[in-house]
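Residue numbers (our numbering): 1367 to 1867.
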C-alpha cells in the first residue's frame, strides 16, 4: 500500500500576499486530491500587513491602503471565493472632483486626463494648472517621433521627453509618484507604468494610445452591460454586476480588514497553522530520504523562540530587505538589496459636522513636491466613501512622507497633527477642531522599483530556482504594490509551488 506523502509548505509573512497564497495552496491542493500542510509564519502580533482597519465610534478608518483598483480582478475574485462579494462597495459617484495644489491654491484636476495624459484637447486647454506654453508642449507629443525605445528608463525621464518638464512637475509627479511615494526620476518605467511605453510602441504616441485604450474600455463596458442584461435571474445579475464593477476603486463596507479576517477564518477552518509573533532567524537547507529513497530538498526554519519548522517548500512574502537577510547565505540577493523603501505616515482626522467649514466637494487633493508641504495628498474620506463616517460626522485622511522627504514621518504625534492641520488650513481654509486624530507610521513600507527592476527580479528568481529548489519569493517588492497585484502574486506562487517549482 502506497502512502501519499504530505507536502509541507511554509509561508513567511501574514500580509495579503501570504494569506492569499496559503488560501490558494489549500484550495487547489484539495481540488487536486493532494495532501498538504500549510504553515503561515507572521513576525508581528497581527495579520494583514499594511491592511489595517480601525473601527472606532462608528467610523471605518483605514490605517494602510483604503481601496483597490476594480479593473484588476484578482481581489474581486478572491472576495467571491470568500463569500464577500455583497460587502464590496464603490466610491461615492458624487465625489468625482480631485484637486491639485499649486502655489498654495487647490486647482481642479484638468478634465480629460487618464493617468495624467490629456486625451481631450478642449478640456485640457481650459486648465489653469498648466501654463499655455506647457499645455501646447504636452499636445506636441502627438507629433514626436518615438525613436528607439530603450529597454527601461525612469518614469520621469520618459514623461519629460514625451510631454515636457512642466507636465511632469505639475501633473504627473503628484498624480503618479504618490502611488509609490516615490521619485519619478528614480522609479523604473517597466515596473510601474509599462503601458506608457507600449502606447508609444503600438501607436506612436502616449495621447493616441490612451485614446485607443479608452475605446477598448468603452467596448468592455458595453459587453458588461450586455452580460448583466442577459443574466438568467436576479441573483446572477447581482453577481455579474459585482464581478464587473462600475466604480474605478472599491473596498469593503466594513473596511479592508474584512478580507483579512475572512482569509484567517478560512485558513484556520482548512487546518492551516498560523504562527504569530514568530521571527525567522535563519533558513537551513537539509536533505531527507523520501519513500523512494531519493534525496529530496528540505528546509528548516529556526524561529526566535527556539523552535524550528521543517518544510518541503518555502514561500517568502516578506519585505525585500528581510528576505535578502534570510537568503544572503544561500544566493546572490543584490536584486533585493537594490530595492529601497520609503517611510510614510497616515494622519486621519475625525470631525463633527457642527463648525466644519468645508463642503468636501470632491474626493480630495494632491500636493506636488515643489509645494514643500508636509501633506503629500489628502483623501476627503467621508465624501469619497459614504460608509466611513456616521451621520453628522466628517473624516479626512492625510498622507505624509515621500522619497527624499521622510522627516515628517518621525515628528511627534502632537507636532505631526499640528503641521497637518496647518496645511489643511492653508489649502482648504479648514479651521474646525477634530474630535480625534489617528496617526499610523508605516516605516519602510513603500518599495521603490529601480530601473531594470523586472529584469533583475527575473534573473534572481532563475538563480534561486537552481540553488534553492522549492523556494519562491513574491509580494509587493516584486510585482506591484496594489492589493489585487498582491493577491494575484500570492495565487501565482501557490500554483507554482503545487506544480513543483
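We treat Cβ as the ideally placed atom computed from N, Cα and C, and that holds for glycine.
By the neighbour-count criterion, in which a residue is buried when 16 or more other Cβ atoms sit within 10 angstroms of its Cβ, residue 1581 is exposed. As for any beta strand (DSSP E) of minimum length 3 sitting wholly inside the segment 1466–1550, the runs are 1471–1474, ordered along the chain. Shortest Cα-Cα distance from residue 1562 to any of 1617, 1546, 1482 and 1620 involves 1482.
By the 16-neighbour rule on beta-carbons within 10 angstroms, residue 1565 is buried.
With 16 or more neighbouring CB atoms inside 10 Å of its own CB, residue 1812 falls in the buried class. Taking each of 1701, 1786, 1721 and 1456 in turn and checking the Cα distance to residue 1619, the smallest one comes out for 1456. In terms of Cβ geometry, residue 1697 and residue 1830 form a close pair [threshold 7 Å]. Taking residue 1467 as reference, the option from 1833, 1846, 1849 and 1792 with the minimal CA-CA separation is 1792. DSSP places residue 1702 in the uninterrupted alpha helix (DSSP H) bounded by 1700–1703. In the DSSP assignment, residue 1838 falls within the unbroken beta strand (DSSP E) covering 1837–1839.
Residue environment for residue 1452: exposed (fewer than 16 other C-beta atoms within 10 angstroms of its C-beta).
Between the C-alpha atoms of residue 1769 and residue 1402 there is a straight-line separation of about 42 Å. Burial state of residue 1422 is exposed, judged by a 10 Å Cβ sphere holding fewer than 16 other Cβ atoms. 1837 is the residue among 1837, 1842 and 1469 whose C-alpha sits nearest the C-alpha of residue 1865.
Sequence-distant Cβ neighbours of residue 1849 in its own chain, meaning closer than 7 Å and more than five residues away, are 1382, 1431, 1434 and 1441. With fewer than 16 other Cβ atoms from the protein chains shown falling within 10 Å of its own Cβ, residue 1738 counts as exposed. Counting only residues of its own chain and dropping the five nearest sequence neighbours on each side, residue 1524 has a CB closer than 6 Å to the CB of 1555. Shown here for residue 1485: same chain residues with a beta carbon closer than 8 Å to its own, the five before and five after excluded, namely 1478, 1479, 1573, 1576, 1577 and 1580 in chain order. For residue 1684, the three-state secondary structure derived from DSSP is coil. Distance between residue 1643 and residue 1676, taken at the CA atoms: about 18 Å. In the DSSP assignment, residue 1810 falls within the beta strand (DSSP E) that extends over 1802–1814. Distance from the CA atom of residue 1568 to the CA atom of residue 1716, rounded to whole angstroms, is 47 Å. For residue 1810, the closest alpha carbon among the candidates 1388, 1416, 1411 and 1378 is that of 1416. Membership of residue 1718 in the beta strand (DSSP E) is indicated by the continuous run 1706–1718. Residue pairing from DSSP places residue 1648 in a beta bridge opposite 1668. Linking residue 1863 to residue 1380 through their CA atoms gives a straight-line distance of about 18 Å. Under the 10 Å beta carbon count, residue 1802 is surrounded by fewer than 16 other beta carbons and is classified as exposed. Here the alpha carbon of residue 1544 sits roughly 13 Å from the alpha carbon of residue 1559. Secondary structure at residue 1398: coil, using DSSP grouped into helix, strand and coil. Assigned with DSSP and collapsed to three states, residue 1676 falls in strand. In the structure shown, residue 1638 falls within a coil segment according to DSSP collapsed to helix, strand and coil.
Here the alpha carbon of residue 1714 sits roughly 27 Å from the alpha carbon of residue 1535.
When DSSP states are grouped into helix, strand and coil, residue 1373 belongs to the strand group. With a contact defined as Cβ atoms closer than 8 Å, residue 1745 and residue 1733 miss out at about 12 Å. Runs of the alpha helix (DSSP H) spanning 4 or more residues and lying entirely within the segment 1710–1789 occur at 1747–1750, in chain order. A distance of 7 Å or more separates the beta carbons of residue 1459 and residue 1465.
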